[in-house]
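What follows is a short report on a single structure.
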Ligand code: GLN
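In this note's numbering, the protein residues as written are 34 to 225.
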């Protein structure tokens, strides 16, 4: 199994390291031909407008959509979640639109640009997950076909799954805890 990490901009190196800790082969994806080679894709955090522009510039968007529609699993974290959304509040920016979610960018406001929270995520087991949020989006609404895996303060949706797509508001690659990556590897392996 080989998992690609979109390496146009943002926190891609940390995802590669996390995948290696999961004992999975991980490669940086910079051009569309490399997508032929992978079983799953991670879209990292960064700046979603920039990632979107570069994705279009390098002709990656259409190819990612084609592969996703043929079942390739995708994990989007933070800006990556924004890229997966069908709707982005107050924005016309490019997105893949693979998930039936409405996201709000930079949703936690200026006072809380970056913070850490311990989350209970039953899909990852009993141990709380220390999640790092950096100018994070959250999900304002989902369609019924979207599985909500975690809400912050029982209110803001921050971790979801829909078919072959998984999206998190936070940065799982910035902690030592590899359970989100392991969960994604199981999705790629078709064991969840
Ligand atoms: N605020 C960024 C955006 O909406 C996401 C920030 C991040 O990925 N850490 O693009």
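C-beta: ideal position from N, C-alpha, C; glycine also. Predicted model, so just to flag it, every value in this text is computed and none were measured.
- For residue 222, the shortest separation between its Cβ and any heavy atom of the ligand GLN does not lie below 8 Å.
- In the structure shown, residue 141 falls within a coil segment according to DSSP collapsed to helix, strand and coil.
- Going by DSSP, residue 195 is part of no alpha helix (DSSP H) but of the beta strand (DSSP E) stretching over 189–195.
- In this structure, residue 200 sits near residue 110, with a CB-CB distance shorter than 9 Å.
- Put simply, the residues with a CB less than 6 Å from any heavy atom of the ligand GLN are 78, 79, 80, 81, 111, 112, 115, 138, 139, 167, 168, 170, in chain order.
- Beyond the five residues adjoining it in sequence on each side, residue 86 comes within less than 8 Å, by CB distance, of 127 in the same chain, given in chain order.
- Along the region 46–80, the alpha helix (DSSP H) does not occur as any fully enclosed run of 4 or more residues.
- Residue 98: member of the alpha helix (DSSP H) spanning 94–102, first to last residue.
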